[in-house]
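Taking this note's numbering, the leading residue of the sequence shown gets -8, the next gets one more, and so forth. Backbone N, C-alpha and C define an ideal beta-carbon position, used for all residues, glycine too.
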Amino acid sequence: MNKTTTLHADGSREVATEAQLGRASEKPNHEAAAAAVRTLIRWAGDDPDREGLVDTPARVLRAYEEFFSGYAIDPVAYLQRTFEETDGYDEMVVLRDIRIESHCEHHIVPIIGTAHVAYLPDRRVVGISKLARVVDAYARRLQIQEKMTAQIANTINQVLMPRGVAVVIEAYHQCMTTRGVHKSEVAMVTSQMIGAFRHNPTTRREFLAVIGKSGG
Ligand SMILES: [Zn+2]
């Protein structure tokens, strides 16, 4: 049974199973989901029974399992194994250029971009691949970029309890590039700075320099 950990702003944690969230009983089965894809194909104006489209609903469902695999992942669990033998290392740890593949929750089209994640350890450090997995866990859901940025930063902050966390995401939203206003070169940049990254301009500048942004 999948468990979901919700971190609240006051630092408290709530662990609920899918059943407690009411999701298990609400989740449609494969046939119902495939029928919904057929309906959308018909709604778009095509024939779901023609040769090229007949296997499309099944393919779409497999793609959705990948796109939205983050719902089954508990990001808090990734960060729970930490290392304290750091020989006094107390400088920032920066993971730069993590590819983001997400989907906008308003149009269910891709958000593609890059995340930069940093923290200032307080004795405990975490394996760097775990930070990238936390990014993936939140990206592989229906998202808005602002919320995803905050979720990544808040989770790292509340689980690792470092002296500071910084997350910057730069991304292109296909709902802007391929529809609507059709602005293909517009990147959206969001950032969440916590602790030393928010209060200490030197720390913030150092981080921005490492990720190739001019420090403000
Ligand atoms: Zn959108």
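For the beta strand (DSSP E) holding residue i, just list the boundary residues, first then last.
i: residue 182; result: 179 to 186
i: residue 94; result: 84 to 95
i: residue 101; result: 101 to 111
Identify which residue in the options has its Cα closest to the Cα of residue i.
i: residue 184; options: 177, 178, 35 and 198; result: 198
i: residue 81; options: 116, 201 and 133; result: 116
i: residue 140; options: 122, 204 and 84; result: 122
i: residue 104; options: 47, 200, 193 and 176; result: 176
i: residue 55; options: 37, 42 and 25; result: 25
i: residue 166; options: 124, 99, 149 and 159; result: 99
i: residue 76; options: 48, 203 and 113; result: 113
i: residue 134; options: 152, 201 and 164; result: 164
i: residue 21; options: 169, 108, 49 and 130; result: 49
i: residue 30; options: 51, 17 and 18; result: 51
i: residue 68; options: 58, 101, 19 and 147; result: 147
i: residue 170; options: 95, 130, 89 and 62; result: 95
i: residue 202; options: 155, 130, 84 and 144; result: 84
For residue i, report the span of its alpha helix (DSSP H) as first-last.
i: residue 165; result: 165 to 168
i: residue 22; result: 21 to 35
i: residue 193; result: 192 to 201
i: residue 47; result: 47 to 58
List the whole-angstrom C-beta distance separating residue i from residue j, where the pair is believed to meet the contact cut-off of C-beta under 8 Å.
i: residue 160; j: residue 136; result: 6 Å
i: residue 106; j: residue 89; result: 4 Å
Go through the residues and name those whose CB comes closer than 5 Å to any heavy atom of ligand 1, in chain order.
In chain order, the qualifying residues are 95, 97, 98 and 166.
Contiguous alpha helix (DSSP H) assignments of at least 4 residues, all confined to the segment 114 to 160:
Counting whole runs of 4 or more residues, the segment 114 to 160 contains the alpha helix (DSSP H) stretches 119 to 130 and 136 to 151.
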